[in-house]
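Counting from 397, one number per residue, gives the positions in the sequence shown under the working numbering.
Ideal Cβ placement from N, Cα and C applies to all residues, glycine included.
Since the structure is predicted, the reported quantities are computational estimates derived from the model, not experimental observations.
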Amino acid sequence: MSESYVEYDEFGIVCVRCMQCGIPVAERTVKEVRIPSIPPKTENVLVVKRLSSWRQRRTEVEGGGYVDLILCSDCHAEPVSMADMTEKIAVASEATWAHEGRSEKDKAIFRKSLPTIARVAPSDELMKEQRGR
Ligand SMILES: [Zn+2]
């Protein structure tokens, strides 16, 4: 079983990695947020910040619908293995459920609805899609 591309600790997401090569594409950081009050004050909050290498690639799943694969700027136009991506989603889902403290009964139900990647758009279609946004 591979490692989850989404890494958690007790506070939430620590980092999100490229589903293909594993480099971090988003990391948790501390952000100063202004609280509207008198006198104005700031508070530190934890946020997950996307790095410049963050890319998403929309893929169809079996039975209809889609998921967005999280890839880095180097991998987003490269061919990816559908079986590999399907497994990555399953592994990360387990990590999410563990973080959320889901019961074994819930997990058993959720596992049945995990997506199977049906088709990854070739990069030319991907470019069109991105221009359309
Ligand atoms: Zn990558």
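Is cysteine 471 near ligand 1, in the sense that its beta carbon is under 6 Å from a heavy atom of that ligand?
Distances taken from the Cβ of cysteine 471 to the heavy atoms of ligand 1 include one shorter than 6 Å.
Query raised in the report: Is the distance from the Cβ of alanine 464 to the Cβ of arginine 451 below 7 Å?
Result: In the sequence as presented, alanine is not what sits at residue 464; that position holds aspartate. Not in contact: aspartate 464 and arginine 451 (Cβ atoms no closer than 7 Å).
Contact between the region 468 to 479 and the region 493 to 500 (3+ Cβ pairs under 8 Å):
The region 468 to 479, when compared against the region 493 to 500, does not touch it at the 8 Å Cβ threshold.
*asked:* Looking at the secondary structure, which residues open and close the beta strand (DSSP E) in which threonine 512 lies?
replied: Note, threonine 512: premise wrong, no beta strand (DSSP E); not H, not E.
Check: cysteine 411 C-beta below 6 Å from any heavy atom of ligand 1: Flag unset: Cβ of cysteine 411 not near ligand 1.
Tell me whether isoleucine 513 is buried or exposed, calling it buried when 16 or more other Cβ atoms sit within 10 Å of its Cβ. Flag for isoleucine 513 reads buried.
Distance, Cα to Cα, threonine 415 vs glycine 459?
-> Inspection of the sequence shows that residue 415 is occupied by methionine rather than by threonine. Distance between the alpha carbons of methionine 415 and glycine 459 is about 22 Å.
By a C-beta neighbour count over all protein chains shown, 10 Å radius and 16 as the cutoff for buried, is threonine 482 buried or exposed? Buried, since its Cβ has 16 or more Cβ neighbours within 10 Å.
- Apply the 10 Å Cβ neighbour rule to arginine 529 and answer buried if 16 or more other Cβ atoms are within range, or exposed otherwise. Because the pLDDT at arginine 529 is just 43, under 50, the model does not fix this residue reliably, and the point stays unresolved.
| query | Nearest CA to the CA of leucine 447: which residue from Tyr404, Ser489 and Ile419? | reply | Minimum Cα distance to leucine 447 is reached at Ile419.
Alpha-carbon spacing of serine 477 relative to serine 433, whole angstroms: C-alpha separation (whole angstroms): 51 Å.
Count the other C-beta atoms from every protein chain shown that fall within 10 angstroms of the C-beta of valine 402, then say buried if there are 16 or more, exposed otherwise. Around the beta carbon of valine 402, a 10 Å sphere encloses 16 or more other beta carbons of the protein chains shown; the residue is thus reported as buried.
If you drop the 5 nearest sequence neighbours on each side, which residues of the same chain put their C-beta closer than 6 Å to that of valine 444? If we look at valine 444 and ignore the five residues flanking it on each side, its Cβ neighbours are Ile409, Ala422 and Arg424.
Given 6 Å as the limit, tell me if glutamine 452 has its C-beta closer than that to any heavy atom belonging to ligand 1. Distances between the C-beta of glutamine 452 and the heavy atoms of ligand 1 are all 6 Å or more.
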